[in-house]
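Working notes for the structure below.
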C-alpha cells in the first residue's frame, strides 16, 4: 500500500498519469491500475481523470495533505540510509580485544586510515565482552565463537599461544612438562589455566600456581621479558620480541589451545560499505601475518 500511496502522490504532484509514469519509470496502465487499487482499498475516489489531466477530489485533497509530507520524509530517510550504508565516507565503529587491537593490529590501523582517509574510525578496545548492539558498533573482533544468535559470525582463523621466557631468566629452562610444573610462571587472568597440546596431538591440562598474575597481557609480557618466569602468550603479542631475541620459546613442541578469531555484526543490520571494506581489508592483512593462521 505504501508504494501505491507514493504513486498517488506523484500523480497528484504531476497532475498527469503520463508524467507520473515517466517519473516513476512505469507504464501509464500500471500507474492507473495502482491508483485505482488504492482507491478501492480506501473506498473513495482520490483523483478526477479528464482529458485536461488529473485533479484531486475533496477526499483526495485531504488524503494528500495528510500523507504527502509523511511519504516525502520517508523517502528522504531511505535516501539518507542508503547514503549511510553505501558511502565510503563517514563513521565506522569497531570493537576489539585490547591485546589484539593494540599492538598486533597497529600496522593495520595505520594502513587503513592512509588508504581511506574519509572513513572516521571509532575504535573501542576492551578486555570485557561489550554488546555490539547496545554500543551501536558496526562490527567487532571477537576471540572465540559468540553465544548470541542475533549475530552473524565469520571465523577468520586462529592464533597459537606459545610458551616463552627471557633468555636471561635465572631459573633453568624446563625440558619437560614435569619440569614446567615447578618452574616460575606468569599468567594473564584469561590464560591462567594452560591446556597444552604438542605436535603429536597429545594433550596436557596444566593447572599450576603462578608467581605473578595480571588482567593486562602487556604486564605479563613485560614481567616475562624481565626474567620473572615463563608465560603462555598468543604468538601475535610475542612475535616481534622473538625476532629481536628478547624472548625465546620454551618447550617448542608444546603450545596452548588455539585462540579462534571472529568478526561479528548484528544479524538484522545491513553491513555498511565501510564495514564491508574493513572486513575485506582486515582479512587481507591477517592472511599476511606469520602469527596468524587463516581459515582455509
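Residue numbers (my numbering): 605 to 900. Even glycine gets a Cβ: it sits at the ideal position worked out from N, Cα and C. All values derive from a computational prediction rather than experimental measurement.
Residue 662 in three-state terms, based on DSSP:
On the chain shown, position 58 is the one that residue 662 refers to. Collapsing the DSSP output to three states places residue 662 in a helix.
Let me know the secondary structure DSSP gives residue 854 once reduced to three states.
As a first step, residue 854 is located in the chain shown; it is residue number 250 there, counting from the start. In the structure shown, residue 854 sits in coil (DSSP, three-state: anything other than H, G, I, E or B).
What residue range does the alpha helix (DSSP H) around residue 652 cover?
Taking the first residue of the chain shown as position 1, residue 652 is located at position 48. Per DSSP, residue 652 is not a residue of any alpha helix (DSSP H); the beta strand (DSSP E) it occupies stretches across 651-654.
Once DSSP output is grouped into helix, strand and coil, what is the label at residue 806?
Position 202 of the chain shown, counted from the first residue, corresponds to residue 806. DSSP places residue 806 in coil when its eight states are reduced to three.
Cβ pair residue 692, residue 875 closer than 8 Å:
In the chain shown, counting from the first residue as 1, residue 692 sits at position 88. In the chain shown, counting from the first residue as 1, residue 875 sits at position 271. In this structure, residue 875 does not lie closer than 8 Å to residue 692 by Cβ.
Take residue 782 and list the residues in its own chain whose beta-carbon comes closer than 7 Å to its own, dropping the five residues that flank it on each side.
Stepping through the chain shown from its first residue, residue 782 is reached at position 178. None.
8 Å Cβ cutoff met for residue 700 and residue 727:
In the chain shown, residue 700 corresponds to position 96, counting from 1. In the chain shown, residue 727 corresponds to position 123, counting from 1. In contact: residue 700 and residue 727 (Cβ atoms closer than 8 Å).
Answer yes or no: do residue 705 and residue 800 have a C-beta to C-beta separation smaller than 8 Å?
Position 101 of the chain shown, counted from the start, is the residue given in the question as residue 705. Position 196 of the chain shown, counted from the start, is the residue given in the question as residue 800. One thing to note: residue 705 has its Cβ no nearer than 8 Å to the Cβ of residue 800.
Environment of residue 772 [buried if 16+ CB atoms lie within 10 Å]
For this step, residue 772 is matched to residue 168 along the chain shown. Exposed, by the Cβ-count rule.
What does DSSP give as the partner residues of residue 705 in its beta bridges?
Here residue 705 refers to the residue found at position 101 when the chain shown is read from its first residue. DSSP, once it has assigned bridges, lists no residue as partnering residue 705.
Here's the rule I'm using: 16 or more other beta-carbon atoms within 10 Å means buried, otherwise exposed. How should residue 665 be labelled?
Working through the chain shown from its first residue, we reach residue 665 at position 61. Classification of residue 665: exposed, given that the 10 Å Cβ count is below 16.
Quick one, which of 750, 780, 650 has its alpha-carbon nearest residue 662's?
As a working note, residue 662 is residue 58 in the chain shown. Among 750, 780, 650, the Cα nearest to that of residue 662 belongs to 650.
Let me know the secondary structure DSSP gives residue 740 once reduced to three states.
Mapped onto the chain shown, residue 740 falls at position 136. In the structure shown, residue 740 falls within a coil segment according to DSSP collapsed to helix, strand and coil.
Between the C-alpha atoms of residue 833 and residue 754, what's the straight-line distance to the nearest angstrom?
Numbered from its first residue, the chain shown carries residue 833 at position 229. Numbered from its first residue, the chain shown carries residue 754 at position 150. If I take the Cα positions, the gap works out to 42 Å.
By Cβ distance below 7 Å, which residues in the same chain neighbour residue 685 in space, the five residues on each side in sequence not counted?
As a working mapping, residue 685 is identified with position 81 in the chain shown. Confidence is the limiting factor: at residue 685 the pLDDT is only 49, short of 50, which leaves the residue's position unreliable and the question unanswerable from this model.
Backbone CA spacing between residue 779 and residue 823 [nearest angstrom]:
As a first step, residue 779 must be located in the chain shown, where it is residue number 175. As a first step, residue 823 must be located in the chain shown, where it is residue number 219. Between residue 779 and residue 823, the C-alpha separation is close to 26 Å.
Please confirm whether residue 703 and residue 865 have their CB atoms less than 8 Å apart.
Taking the first residue of the chain shown as position 1, residue 703 is located at position 99. Taking the first residue of the chain shown as position 1, residue 865 is located at position 261. No; because the gap between Cβ atoms is not below 8 Å, this pair is not in contact.
Report yes if the C-beta distance between residue 871 and residue 717 is below 8 Å; otherwise report no.
Taking the chain shown and counting its residues from 1, the one referred to as residue 871 is at position 267. Taking the chain shown and counting its residues from 1, the one referred to as residue 717 is at position 113. Residue 871 places its beta carbon 8 Å or farther from that of residue 717.
Those runs of the alpha helix (DSSP H) which lie wholly inside the region 766-844 and span at least 4 residues
Considered as a whole, the region 766-844 harbours 781-786, 821-829 as its complete alpha helix (DSSP H) runs of no fewer than 4 residues, in chain order.
Can you tell me whether residue 654 is buried or exposed, with buried defined as 16 or more other CB within 10 angstroms of its CB?
For this step, residue 654 is matched to residue 50 along the chain shown. Residue 654 comes out exposed.
Indicate the three-state DSSP secondary structure (helix, strand or coil) for residue 621 in the structure shown.
Here the question's residue 621 lines up with position 17 in the chain shown. Note: residue 621 maps to helix in three-state DSSP.
Cutting at 6 Å between CB atoms, please list the residues of its own chain near residue 810, excluding the five before and the five after it.
As a first step, residue 810 is located in the chain shown; it is residue number 206 there, counting from the start. In the same chain as residue 810, and ignoring 5 residues on each side of it, the C-beta atoms closer than 6 Å to its own belong to 798, 800, in chain order.
Buried versus exposed, by CB contacts within 10 Å (16 or more), residue 843:
Stepping through the chain shown from its first residue, residue 843 is reached at position 239. The residue in question, residue 843, is buried, as its Cβ has 16 or more Cβ neighbours within 10 Å.
For residue 740, is the classification buried or exposed, using 16 other Cβ atoms within 10 angstroms of its Cβ as the cut-off for buried?
For the purposes of this step, residue 740 is identified with residue 136 of the chain shown, where counting begins at 1. Label assigned to residue 740: exposed.
In angstroms with no decimal places, state the Cα-to-Cα distance between residue 825 and residue 719.
Here the question's residue 825 lines up with position 221 in the chain shown. Here the question's residue 719 lines up with position 115 in the chain shown. Using only the alpha carbons, I get a separation of about 32 Å.
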